[in-house]
Amino acid sequence: EPEVTQTPSHQVTQMGQEVILRCVPISNHLYFYWYRQILGQKVEFLVSFYNNEISEKSEIFDDQFSVERPDGSNFTLKIRSTKLEDSAMYFCASSRLARDTQYFGPGTRLTVL
Amino acid sequence: GQNIDQPTEMTATEGAIVQINCTYQTSGFNGLFWYQQHAGEAPTFLSYNVLDGLEEKGRFSSFLSRSKGYSYLLLKELQMKDSASYLCAVGGGGADGLTFGKGTHLIIQP
Numbered sequence: 001e002p003e004v005t006q007t008p009s010h011q012v013t014q015m016g017q018e019v020i021l022r023c024v025p026i027s028n029h030l031y032f033y034w035y036r037q038i039l040g041q042k043v044e045f046l047v048s049f050y051n052n053e054i055s056e057k058s059e060i061f062d063d064q065f066s067v068e069r070p071d072g073s074n075f076t077l078k079i080r081s082t083k084l085e086d087s088a089m090y091f092c093a094s095s096r097l098a099r100d101t102q103y104f105g106p107g108t109r110l111t112v113l
Numbered sequence: 001g002q003n004i005d006q007p008t009e010m011t012a013t014e015g016a017i018v019q020i021n022c023t024y025q026t027s028g029f030n031g032l033f034w035y036q037q038h039a040g041e042a043p044t045f046l047s048y049n050v051l052d053g054l055e056e057k058g059r060f061s062s063f064l065s066r067s068k069g070y071s072y073l074l075l076k077e078l079q080m081k082d083s084a085s086y087l088c089a090v091g092g093g094g095a096d097g098l099t100f101g102k103g104t105h106l107i108i109q110p
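Sequence order for the protein chains is A and B.
Quick note: the first sequence, position 13, residue 13 per my numbering, numbers continuous.
Quick note: the second sequence, position 15, residue 15 per my numbering, numbers continuous.
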């Protein structure tokens with residue numbers, strides 16, 4: 001069964017550094033998403049992406065964040081200058097159509113020191 | 001905006017039935033999803049309701065009443081592996097992103 005994959009599984013970085021989190025969505029899916037989950041808190045929507053552009057973003061997704069689909073398979077989330085409060089699990093998800101069921105990857109645990 | 005409420009924690013017995021409720025207030029609605037999340041893992045899709053009524057899928061059923069802003073997830077024949085958090089999530093209006101509740105931590109006792 002096809003699934004969303006994410007790398008790395010765990011990333012440790014120093015405050016102020018840039019990180020890139022990578023995702024490979026399910027191959028016939030057209031919509032891609034990033035969510036985050038701070039430890040012990042709820043899953044929060046960051047951004048959705050369709051047809052090589054951002055479709056929607058939340059107020060969490062400020063100028064330090066960016067997304068890109070650099071090739072036909074990868075979907076990346078870049079955090080330009082990490083802060084302590086960016087420490088969280090970051091989940092990538094994909095869906096075949098808009099407002100369709102979203103399937104989540106295993107997540108990247110980001111720790112900012 | 002969106003507001004989703006569900007109980008923080010529930011306890012049930014192996015082999016029994018449990019119902020997890022979710023209420024929501026949204027500015028738009030295009031479906032309600034239930035996900036299961038084991039600690040440290042990703043949410044896994046369980047069910048989707050967009051019309052009123054009951055959707056059954058094996059041991060899991062989900063109900064929706066749009067007029068009441070209410071849904072429940074029913075788990076039958078509980079197994080120890082069902083110990084997890086159950087997340088209620090709403091897709092709203094024209095938005096693509098899901099709004100999640102805080103999740104209900106379900107503890108199954110032998």
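Don't be surprised by glycine CBs; every beta carbon is placed ideally from N, CA and C.
{"query": "Residue from B:Phe63, B:Leu98 and B:Gln19 whose Cα sits closest to the Cα of Thr104 (chain B)", "result": "B:Gln19"}
{"query": "is_contact[Pro2 (chain A), chain B] using C-beta, thresh 8 Å", "result": "no"}
{"query": "Whether Asn135 (chain B) touches Tyr24 (chain B) by CB criterion (8 Å)", "result": "The requested residue 135 (chain B) is not part of the displayed model; chain B covers only 1 to 110."}
{"query": "Where the beta strand (DSSP E) through Ala19 (chain A) begins and ends", "result": "The sequence given here places Val at residue 19 (chain A); Ala does not occur at that position. Note, Val19 (chain A): beta strand (DSSP E), Val19 to Val24."}
{"query": "Straight-line gap, Pro110 (chain B) to Glu59 (chain A) (C-alpha atoms, nearest Å)", "result": "44 Å"}
{"query": "C-alpha gap between Gln6 (chain A) and Leu21 (chain A), whole angstroms", "result": "8 Å"}
{"query": "Below-8 Å beta-carbon distance, Ser9 (chain A) vs any chain B residue", "result": "no"}
{"query": "Integer-rounded CB distance, given that Phe29 (chain B) should sit under 8 Å from Gly101 (chain B)", "result": "About 14 Å separates the two Cβ atoms, so there is no contact after all."}
{"query": "Contiguous beta strand (DSSP E) assignments of at least 3 residues, all confined to the stretch 50-107 of chain B", "result": "53-57, 60-65, 70-75, 84-91 and 98-100"}
{"query": "Residue of B:Cys22, B:Gln37 and B:Thr11 minimising C-alpha distance to Leu73 (chain B)", "result": "B:Cys22"}
{"query": "Residues near Gly16 (chain A) by beta carbon distance below 6 Å, same chain, minus five either side", "result": "Ser81"}
{"query": "Chain B within 8 Å of Ser58 (chain A), Cβ atoms only", "result": "yes"}
{"query": "Spatial neighbours of Glu1 (chain A) in its chain, beta-carbon cut-off 8 Å, leaving aside the 5 residues before and after", "result": "none"}
{"query": "Short CB-CB distance (under 8 Å) between Lys76 (chain B) and chain A", "result": "no"}
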